[in-house]
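Worksheet for the structure shown next.
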Amino acid sequence: MKKCTGVGRGLAGNTKFVGRTGGIPGQIIQLNTAAVIPSQFGYPSGNALSPFAPYIHGTVGNASFTSITDVIGGKSPIPGVNVRTAMQQLFPGQLILEIPGAKDQGADAPVTVYVPQASACPAGTS
Amino acid sequence: MSSGHELDLGEGVMRLKQQWMYFLVVCCMPARVLQGQSYPTVLSVQREFDVSDVGEANVSLNLSSKEGRPIYRVQCHSAEYTGDPEFDYSGDFECRLSSLEHRTVYSTLLTEDVNQSRDWERRGRFFAADLQGECAHIPDFGATRSFELRGMSLTLHIVDPTFTDNKLRSLKLTITVRPDSQAVRPIAKAVPLPTESPSSCKLSQYFANAEATAK
Numbered sequence: 001m002k003k004c005t006g007v008g009r010g011l012a013g014n015t016k017f018v019g020r021t022g023g024i025p026g027q028i029i030q031l032n033t034a035a036v037i038p039s040q041f042g043y044p045s046g047n048a049l050s051p052f053a054p055y056i057h058g059t060v061g062n063a064s065f066t067s068i069t070d071v072i073g074g075k076s077p078i079p080g081v082n083v084r085t086a087m088q089q090l091f092p093g094q095l096i097l098e099i100p101g102a103k104d105q106g107a108d109a110p111v112t113v114y115v116p117q118a119s120a121c122p123a124g125t126s
Numbered sequence: 127m128s129s130g131h132e133l134d135l136g137e138g139v140m141r142l143k144q145q146w147m148y149f150l151v152v153c154c155m156p157a158r159v160l161q162g163q164s165y166p167t168v169l170s171v172q173r174e175f176d177v178s179d180v181g182e183a184n185v186s187l188n189l190s191s192k193e194g195r196p197i198y199r200v201q202c203h204s205a206e207y208t209g210d211p212e213f214d215y216s217g218d219f220e221c222r223l224s225s226l227e228h229r230t231v232y233s234t235l236l237t238e239d240v241n242q243s244r245d246w247e248r249r250g251r252f253f254a255a256d257l258q259g260e261c262a263h264i265p266d267f268g269a270t271r272s273f274e275l276r277g278m279s280l281t282l283h284i285v286d287p288t289f290t291d292n293k294l295r296s297l298k299l300t301i302t303v304r305p306d307s308q309a310v311r312p313i314a315k316a317v318p319l320p321t322e323s324p325s326s327c328k329l330s331q332y333f334a335n336a337e338a339t340a341k
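Note that the protein sequences, when read in sequence, are chains U and X. Note that the working numbering has the first sequence beginning at 1, numbered continuously upward. Note that the working numbering has the second sequence beginning at 127, numbered continuously upward.
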């Protein structure tokens, strides 16, 4: 695995989805797993990210995640702008991670992410 | 005297008319909005789509107002679809409803959650298991799902699904839209999960609780 470090926005994830199949095929949402924006990892969709999602893990601030199980989505803070785009506009250059069961880690939180060797480091990290 | 009395009567009638108009505006207009009348009336439509390869599903249907103006769009794709950066499709087949006239905060109007936090939330997404055996017959969570919102009723009805190794391969989808004056929410009316269902249907795995999302 390749170690990537940088900064991110760590969001407190809603626990109501724990036990559900999220936006990553084959993965069940669990506490301390992450919902992400696939394009920040270089993939166009949750489906495209799915082969690598179980292996990607790391920390944002004081929160850790053991794998990726979902895709950030839903209601946007900016009407007419997709939530994934909006979050990246609000927190430019930062890796956006939402972790069910974790506390909000705020913006510019230190991030360490481990990705498969063949993958590029995600946005906000190198 | 007579004309004066008539003039007074005319003023009184005018005042009554003004008061009546005030009553209509102040009291009745909010009720009309609450009853969903603020949304344009949608034209009834029923269309069938033959999806011979779900992996390549590309369903798109514009819904028009009674004046013929396109106001909403229904799109259905599989998780492999990446042509819509506004929405992350998942499951085996997923439908999305969006407004063509107004920018909304929701990624799909089929959500039932005013605080929607996932694109896949909640009944617009289909899994192969939802369409097989008795699971297919569960109202609103199987092969036929109705959504009430914005002065309309929208029904997604899947028939003749085929599977290879339990993976959804093909289907026929009928989209039916009718005006519905009882549908007042800006997003879909919440439909609770059935209290009982076969475990093989995995409803609690595939759907979030309406109780947690409806408020």
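Using N, Cα and C, we set each Cβ at its ideal position, and we do this for glycine too.
Asked	Found
Could you work out which residue in X:LYS315, X:TYR332 and X:ALA316 is closest to X:SER323 when comparing CA atoms only?	X:TYR332
At the 8 Å Cβ level, is U:PRO110 part of the contact set with chain X, yes or no?	no
Run the proximity test for X:ARG304: is its beta-carbon closer than 7 Å to any non-hydrogen atom belonging to the ligand NAP?	The ligand NAP is absent from the structure shown, which contains no ligand whatsoever.
Which chain X residues sit within Cβ distance under 9 Å of U:THR66?	None at all; the shortest Cβ gap to chain X is about 19 Å.
Can you list the residues of chain X that U:THR21 reaches, using a CB-CB cut of under 7 Å?	GLN331 and TYR332
Using the beta-carbon of each residue, which ones in chain U are nearer than 7 Å to X:PRO211?	ASN82
Between which two residues does the alpha helix (DSSP H) harbouring X:ALA316 extend?	Run containing X:ALA316: none; DSSP gives neither H nor E here.
At the level of alpha carbons, what is the spacing between X:PHE219 and U:GLY26?	15 Å
Per the DSSP calculation, U:ILE56 is bridged to which residue(s)?	In the DSSP output, where bridge partners are listed per residue, U:ILE56 has none listed.
Within 10 angstroms of the Cβ of U:ALA109, are there 16 or more other Cβ atoms? Answer buried if so, exposed if not.	buried
Can you tell me which of the three DSSP states U:LEU49 falls into?	helix
Quickly, what does DSSP pair X:ILE284 with across the bridge? List them, please.	X:LEU299
Put U:LEU31 into one of helix, strand or coil per three-state DSSP.	coil
The alpha helix (DSSP H) with U:ARG84 in it runs from where to where?	83-90
Can you pull the chain X residues whose beta carbon is under 7 Å from the beta carbon of U:PRO44, in chain order?	THR208
Quick check: is the beta carbon of X:ARG229 nearer than 8 Å to any beta carbon in chain U?	yes
In angstroms, rounded to a whole number, what distance separates the CA positions of X:ARG199 and X:LEU294?	24 Å
Please classify X:LEU189 as buried or exposed, where buried requires at least 16 neighbouring CB atoms within 10 angstroms.	buried
Of all Cβ atoms in chain U, is any one closer than 8 Å to the Cβ of X:TYR232?	yes
Contact defined as beta carbons within less than 8 Å: I believe U:GLN105 pairs with U:GLY10. What is the distance between those atoms, to the nearest angstrom?	3 Å
Does X:TYR332 come out as helix, strand or coil in the three-state DSSP assignment?	helix
What does a CB cutoff of less than 8 Å around X:LEU226 pick up in its chain, not counting 5 residues either side in sequence?	ASN188, PRO196, ILE197, TYR198 and ARG199
Once DSSP output is grouped into helix, strand and coil, what is the label at X:THR230?	coil
Taking only three categories from DSSP, how would you classify X:GLU274?	strand
Using C-beta distances below 6 Å, list every residue in its chain close to U:GLY8, excluding the 5 sequence neighbours before and after it, in chain order.	VAL60, GLN94, LEU95, LEU97, ALA109, VAL111 and GLY124
Quick check on U:THR15: does DSSP put it in helix, strand or coil?	helix
Against chain U, does X:ASN241 count as a neighbour if the rule is that its beta carbon must be under 8 Å from one of theirs?	yes
Return the CA-CA distance between U:MET1 and U:GLN117, expressed in angstroms with no decimal places.	5 Å
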